[in-house]
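Presented below is the structure to which this report refers.
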Amino acid sequence: MAFRNPRSLPTYTIDTKDEVSPQSSINDILNHRAQPLGKARNHTTSTGTRAPALWDQHLDQAQILKHVGDYDDLVQHLDGLVEEYAQKLGLFLSALEAELETCRNTDDPVMVKDEAEIVDYYSKAVGPACGIITSNLLGAESNILSWTKGTAVTQSKAMGDGYLHLDIKPICSSTSLGTDMKNNLLLVAAKFPDLLVFEFKSLMFDTDAKFESLRAIAAEEDYCWIRCLSGECTRTHYRQGQPQITCARMGPDCDADGPFPYPKYQQPDINNRKRPRGEEPNEPCQSGRLRAYSSDELKARHIIQQVYAAAVARDATFLVLRCGNRELIGLRNREHQTLHLSGIVDSAATTGPTYMRLHVGLYLATILDAIQRALRLEQGMGLSTWRDNWAQSRVRQGPPSLEKLLASARQMPKVVLHEPHLHSPMKVANPSFLRMEIDHNGETSSDHVMQIKNAIMVTERTYRATLQVMGGAMVVFLKLAISPTCRSNLVKEHTAYQTLAGKGNIPVVIGCFEYSEPNFHALALITLDAGMPIIPEDSGPSATVSFTTTLAAIHAAGYTHGSIDIDHFLSDGHKTTVVSLAKLDRYSASVAGAEMESLRSMLIPKRRRLQTLDNTEQTVVVQCSPIRDKHIDFLILLASHAPSISSTEAVLNDEHHDESHLISGEADTCDQDQGVSLERL
């Protein structure tokens with residue numbers, strides 16, 4: 001890979017007036033041996049760790065951990081990666097001298113009392129220094145990495161104790177980063193808000209017995225995911241008679257030849273398993289039958305499942321599990337649902353690669369892996385023109401304008417909506433596998449093909465997707481509604497968008513469609529991409545002015561928004577947009593005043609957000625439905641010009657009296673794909 005070759009790194013002129021050379025400064029940190037951690041007088045005596053949370057227990061079958069294996073060469077590869085990059089040193093950082101003061105070799109232990117103080121120690125003494133050195137080795141003159149603590153843990157969501165992510169501002173302002181590297185880093189920051197997941201445990205877990213239990217899990221090969229208890233799940237976790245399923249967006253794995261050779265997956269020998277294993281449960285909430293584990297074994301399983309679920313939630317490849325002075329580094333294989341664990345790393349060891357050196361290598365490997373994954377994902381999301389079949393693509397010199405694409409999309413009587421299996425790695429190697437010719441006014445035409453492909457889950461009802469229309473492409477939002485209440489709200493939202501069109505920064509609507517099969521109905525609203533939720537700390541005063549102006553325009557049109565929330569105010573970097581208009585109501589002076597005051601309050605920076613896409617691309621609980629059961633082969637045909645909005649609203653209201661008649665046509669068939677007819681509202 002060109003971006004991994006040290007010979008491709010930029011060469012800098014080193015100022016000879018510096019008292020400390022870049023070589024000696026960087027090597028000083030790389031050779032630093034971390035201070036050992038010691039128990040303070042009031043150190044906790046607790047050895048408890050939380051059992052798998054509800055999010056973890058309900059994780060979809062395609063994302064749970066199924067295999068664990070040893071990867072003893074991982075430490076050696078991380079050490080070698082640092083050596084490879086250190087051969088070409090970057091510009092000497094003035095900030096490096098301050099970091100050196102926190103990285104002096106000493107045998108004096110750092111006294112800690114619990115897990116939280118170990119997190120503080122890493123965030124102050126290790127994370128910033130490793131971030132600066134890694135940034136320097138990549139060619140940046142300042143720290144482009146940020147290490148942040150996880151938010152409060154709840155029993156409903158997977159959450160790590162710390163995360164590594166890229167800092168966009170220094171990347172954009174860097175004058176030393178190469179153009180390709182800068183573009184790659186910005187691409188990674190856009191697609192992967194968090195890159196590396198950390199889980200910390202107190203010194204009470206730094207025992208031989210507990211690490212032997214962790215290593216024993218790797219020796220078993222097969223991992224039995226801990227599920228929700230069936231009885232409890234049936235009582236409290238079912239929705240409309242179906243079990244809840246949690247999932248996360250997931251991109252492709254890095255190539256086999258990543259920053260260093262990744263271990264190859266080996267099919268477990270079913271005739272030589274270490275322990276018997278039952279059938280996988282058909283329903284994701286059924287609990288597997290676990291044998292009786294010792295206390296250490298059960299806690300080890302809880303810890304492994306906890307950190308792996310946190311990595312799934314962030315779509316991270318690498319993870320760190322640190323217990324006191326010792327840790328394991330994990331490498332996650334998405335396709336084969338395997339976790340490869342390194343040998344035990346002693347942070348205060350006096351022999352072998354230093355702790356600082358290993359974590360600089362880990363940061364480098366994480367970034368290089370993310371670059372390759374982002375490039376693969378970007379390439380896969382790029383739409384094929386299929387020049388052999390598309391007459392328009394052979395004559396058009398450039399992409400059509402957005403206005404032409406939008407007009408074409410609105411006029412198309414039939415389009416194809418592809419919903420891949422959202423809980424498995426996206427198949428992006430050959431994007432043309434989604435291609436499908438469809439009828440246009442009763443005739444086959446290659447000029448009017450509109451496809452939604454490689455959908456990435458954003459929220460329970462919203463997907464970001466790519467539409468292909470007449471050889472062009474545009475990014476859209478697809479918002480789904482399944483329950484009667486949500487469908488009714490979606491119709492109201494569609495009406496609101498049409499009512500406020502041109503009266504403020506309101507998303508452009510392509511259409512609203514309905515889908516039906518026996519005992520199941522759904523609506524789909526498609527709008528142009530509106531960006532991501534605003535971050536008050538990064539937006540500045542201009543965003544406040546823009547959003548308040550937009551809200552004022554809604555008020556001036558005679559309406560109130562009805563649902564003021566920070567996640568409903570979006571920005572794509574060029575313009576701001578207001579969404580979620582399902583509760584739009586007639587103007588009231590008191591309500592309008594309260595909305596404006598609430599918006600201004602939300603836009604005041606109060607705290608530092610951990611990552612830019614946290615609220616929108618967070619993992620969520622979704623309903624099990626007939627749509628999910630069709631998995632990757634599920635195709636929806638969207639047909640045009642159904643009844644008016646008013647008549648559809650009446651139909652939705654009649655559903656409460658068991659008189660629903662959403663679809664009047666027969667389902668279409670498309671070869672062996674399961675296509676169904678939808679009508680456009």
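With UniProt numbering applied, the sequence shown corresponds to residues 1 to 681, in that order. We put the CB at the ideal spot given by N, CA and C, even for glycine.
For Ile133 and Val360, the rounded distance between their alpha carbons: 7 Å
Member of Phe211, Tyr308, His340 and Asn143 whose CA lies at the smallest distance from the CA of Asp56: Tyr308
Trp147 and Ser173 closer than 8 Å at C-beta: no
Local Cβ density within 10 Å of Val112, reported as buried at 16 or more and exposed below that: buried
Same chain, Cβ closer than 6 Å to Asn143, neighbours up to 5 away in sequence not counted: Gly131, Ile132 and Ser135
Alpha carbon of Leu584 to alpha carbon of Leu402, nearest angstrom: 28 Å
Whole-number beta carbon distance between Asp72 and Gly343, since they are thought to touch under 8 Å: 5 Å
Tyr163 burial status per 10 Å Cβ neighbour count (16 or more: buried): buried
Where Gly131 falls: helix, strand or coil (DSSP): helix
Residues bridged to Pro353 [DSSP beta-bridge criterion]: Beta-bridge pairing links Pro353 to no other residue.
Span of the beta strand (DSSP E) around His165: Gly162 to Leu166
Beta-bridge pairing of Gly511 - partner residues as DSSP gives them: Ile526
Limits of the unbroken beta strand (DSSP E) element including His67: His67 to Asp70
Distance CB(Ile226)-CB(Arg301) smaller than 8 Å: yes
Close-in-space but distant-in-sequence residues of the same chain around Arg326 (CB under 6 Å, 5 per side omitted): Asp206, Ile344 and Asp346
Counterpart residues of His340 in DSSP-defined beta bridges: Gly69 and Leu331
Identified DSSP bridge partners for Gly38: Met111
Identity of the residues DSSP links to Ala189 by a beta bridge: Beta-bridge pairing links Ala189 to no other residue.
Of the residues Ala374, Phe198, Thr179 and His494, the one placed nearest Ile304, counting alpha carbons only: Phe198
Cβ neighbour criterion (16 or more within 10 Å) applied to Thr612: Its pLDDT being 31, under 50, Thr612 is placed unreliably in this model, and the value from its coordinates should be taken loosely. That one is buried.
Contact the stretch 559-572 vs the stretch 582-599: 3+ CB pairs below 8 Å: yes
Member of Gly80, Ala556 and Leu581 whose CA lies at the smallest distance from the CA of Cys486: Leu581
Bridge partners - Trp225, DSSP secondary structure assignment: In DSSP, Trp225 forms no bridge with anything.
Spatial distance of Gly48 from Lys169 (CA atoms): 40 Å
Burial state of Asn31, where buried means 16 or more other Cβ atoms lie within 10 Å: exposed
Distance CB(Ala34)-CB(Ala496) smaller than 8 Å: no
Rounded separation between Asp253 and Thr317 - CA only: 8 Å
Phe211 versus Glu335, Leu319, Val591 and Leu328, residue with shortest Cα-Cα distance: Leu328
Through-space distance from Cys323 to Trp355, alpha-carbon basis: Here residue 355 is Tyr; the residue named in the question, Trp, does not match the sequence. The alpha-carbon atoms of Tyr355 and Cys323 are separated by roughly 14 Å.
Identified DSSP bridge partners for Tyr559: Arg586
Cβ pair Leu525, Lys479 closer than 8 Å: yes
Asp161 beta carbon less than 8 Å from that of Val188: no
For Arg487, the first and last residue of its enclosing alpha helix (DSSP H): Pro484 to Thr499
Buried or exposed (CB count within 10 angstroms, at least 16 for buried), Lys201: buried
Beta-carbon proximity of Pro507 to Val591, cut-off 8 Å: no
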